[in-house]
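> What follows is a single structure, and I will ask about it in a moment.
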Amino acid sequence: MICAAVLLQGSAVFASCRDTHVDLRGDWGQASFTIELADTPEERSHGLMFREEMARSAGMLFVYETPRAAQFWMKNTLIPLDMIFVDPQGRVQHVHENATPGDLTPIPGGSNILAVLEINGGLARKYGISEGTEMRHRVFSKNAPKWPC
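Below you can see the structure in the form of structure tokens.
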């Protein structure tokens with residue numbers, strides 16, 4: 002059975018960028034997630050804390066004003082998450098799999114990170130999302146994206 006998040010190449014979902022979705026592609030295929038956008042300091046600091054569940058094809062995209070060294074933790078986060086750290090051109094630089102709920106240990110994502118996608122733990126490995134995977138969303142449009150809208 003194919004998960005609803007994995008779609009065929011050429012599908013209408015991949016026709017244009019939408020604020021509520023991110024698309025990912027690699028030699029493994031393509032996937033799309035419905036996302037909440039966290040692009041203010043307040044939204045980023047709250048993130049997915051206190052949520053008891055998240056739909057399989059859902060996630061949260063954390064976006065910074067400028068690229069930076071990114072580091073996350075799991076304070077008050079109740080579900081395991083995969084964290085996908087993405088550079089300004091939309092290329093995945095690091096994937097941290099199955100972050101432990103409630104763990105205060107810093108999770109470094111590298112430098113020159115513009116966005117971080119959090120999805121349910123285990124999905125990055127299941128779909129094949131890894132370093133070099135390309136992400137499409139309007140937040141990368143000013144930075145010569147690898148996969149433009």
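Using the numbering used here, you'd call the opening residue of the sequence shown number 2 and step up by one each time.
C-beta: ideal position from N, C-alpha, C; glycine also.
(1) Taking just the CA atoms, how far does Arg52 sit from Cys18?
(2) Under the assumption that Ile80 contacts Val117 (Cβ atoms under 8 Å), give the Cβ distance between them as a whole number of angstroms.
(3) In chain order, what residues of the same chain have a beta carbon less than 6 Å from the beta carbon of Gly111, not counting five sequence neighbours either side?
(4) Whole angstroms are fine: how far does the CA of Gly103 sit from the CA of Leu1?
(5) Less than 8 Å separating the beta-carbons of Thr21 and Thr35?
(6) Whose CA, out of Gly48, Lys76, Gly123 and Trp74, lies closest to the CA of Val64?
(7) Which stretch, first to last residue, makes up the beta strand (DSSP E) that contains Pro68?
(8) Runs of 3 residues minimum, wholly inside the segment 87-150: which ones carry the beta strand (DSSP E) assignment?
(9) On a Cα-Cα basis, can you pick out the residue from Gly129, Ile120 and Glu66 that is closest to Val23?
(10) According to DSSP, is Arg52 helix, strand or coil?
(11) Thinking just about the alpha-carbon of each residue, which of Ala70, Leu82 and Pro68 is nearest to the one in Met50?
(12) Give me, in chain order, the residues of the same chain whose beta-carbon lies closer than 6 Å to that of Lys147; leave out the 5 immediate sequence neighbours on both sides.
Concretely, from the data shown:
(1) When rounded, the distance between both Cα atoms is 27 Å.
(2) No, Ile80 and Val117 are not in contact; Cβ-Cβ is about 16 Å, not under 8 Å.
(3) Phe86, Gln94 and His95
(4) Missing from the structure shown is residue 1; the chain here goes from 2 to 150 and no further.
(5) yes
(6) Nearest option by C-alpha distance: Gly48.
(7) Ala59 to Phe73
(8) 93-100, 108-121 and 135-137
(9) Ile120
(10) coil
(11) Leu82
(12) Gln90, Gly91, Arg92 and Glu135
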